[in-house]
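Numbers in my numbering are just positions in the sequence shown, counted from 1, shifted up by 61. Heads up, the thing below is written out as structure tokens.
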Amino acid sequence: MSLKALKEKALQNPAVKAEYDRLEPEFELANTLISMRQQAGLTQEELARRMHTQKGNISRLERGDSNPGWKTLQRYARACGFDLSVQFHRPEDQAAS
């Protein structure tokens, strides 16, 4: 069974789907960090050197195993050649209320 098929099957369970949806912003952040690094053409080691940190710290950020602060996210983005911004919006289910 492929990972995609396994995920689709697991998400049919309402409890699993609810937890997945709850964690989606964390998954999205991790994917965005990895994408920025890859677009910059950097390895985790190269990025770590630019940020004056260890490769393990970059790995933890990209796995979602840490809770980075604003300054850390800014340093990461800048080291990859990006600017960091935040946008606020109402969740879709509350926007119509």
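Think of the CB as a built atom: it goes at the ideal place given N, C-alpha and C, for glycine as much as any other residue.
Hey, is the region 125-135 in contact with the region 97-107, meaning 3+ C-beta pairs nearer than 8 Å? no
Let me make sure I understand the geometry here. Which of K68, Q100, Y137 and W131 has the alpha-carbon closest to that of N118? Here residue 118 refers to the residue found at position 57 of the sequence shown. That would be Y137, whose Cα lies nearest to the Cα of N118.
A76 - containing alpha helix (DSSP H), residue span: Residue 76 sits at position 15 when you count from the first residue of the sequence shown. Here the alpha helix (DSSP H) through A76 covers P75 to Q100.
Backbone secondary structure at L108 - three-state DSSP: The count along the sequence shown starts at 1 and reaches residue 108 at position 47. Reduced to three states, the DSSP call for L108 is helix.
Considering L67, what are the terminal residues of the alpha helix (DSSP H) in which it resides? Numbered from 1 along the sequence shown, position 6 holds the residue referred to as residue 67. Start and end: L64 to A71.
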